[in-house]
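This report refers to the structure that appears directly beneath it.
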Amino acid sequence: MTNRIIACLCAAWCDTCSAYRAHFERVAAASPQFAFRWIDIEDEADLLGDIDVENFPTVLVADDGEVLFAGTLRPDPAHLQRVIDVVASGAALAPPENVDAWRALARRLAGIRADRD
42 MTNRIIACLC
52 AAWCDTCSAY
62 RAHFERVAAA
72 SPQFAFRWID
82 IEDEADLLGD
92 IDVENFPTVL
102 VADDGEVLFA
112 GTLRPDPAHL
122 QRVIDVVASG
132 AALAPPENVD
142 AWRALARRLA
152 GIRADRD
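Listed below in structure tokens is the structure:
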């Protein structure tokens, strides 16, 4: 089991999200050190808490409920891979705005993952 989670926050109606999902899933298949999660912000609005997603795709990278990255990425798998590489190297990334809300989401996702294992 991994405690590292990468979640993509998107919406079913978003064409960018629809196109990005296949790229996200390919990166997920190549990165077994992370648990990947696709979150539809409308279907799972309660899960988001105080997070207001304004642009897509928005990605959360967390480890043991601590936020390593949270923000909007270009819809390019290479961009997501660079974030993964930076996180894997142990380099620090700037904390997101509203870090407490992101941390709460990361902990909820970690709890969901623990319940499934």
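Residues 42 to 158 in our numbering are what the sequence shown spells out, letter by letter.
Note that the Cβ used here is the ideal one computed from N, Cα and C, for glycine as well.
In this text, all values refer to a predicted model and were calculated from it rather than measured experimentally.
**Request:** Identify every run of the alpha helix (DSSP H) within the stretch 57 to 139, keeping only runs that are complete inside it and at least 4 residues long; order them along the chain.
**Result:** Taking only runs of at least 4 residues, the alpha helix (DSSP H) segments lying wholly in the stretch 57 to 139 are 86 to 89 and 118 to 130.
**Message:** Just to confirm my understanding: we take residue 58, look at its own chain, exclude 5 residues before and 5 after, and list those with CB closer than 7 Å. What are they?
**Reply:** The residues are 51, 52, 97 and 98.
**Asked** Between which two residues does the beta strand (DSSP E) containing residue 52 stretch?
**Response** Per DSSP, residue 52 belongs to no beta strand (DSSP E) and is neither H nor E.
**Item:** Per DSSP, the bridge partner or partners of residue 48
**Value:** 78 and 101
**Message:** If the criterion is Cβ atoms closer than 8 Å, does the pair residue 142 and residue 92 meet it?
**Reply:** yes
**Request:** Determine the direct distance from the alpha carbon of residue 109 to that of residue 128, and round the result to whole angstroms.
**Result:** 7 Å
**Message:** Assuming residue 94 and residue 112 are in contact, meaning their beta carbons sit under 8 Å apart, how far apart are those beta carbons, in whole angstroms?
**Reply:** With a Cβ gap of about 10 Å, residue 94 and residue 112 do not count as contacting.
**Prompt:** Buried or exposed: residue 63, going by 16 or more other Cβ atoms within 10 Å of its Cβ?
**Reply:** exposed
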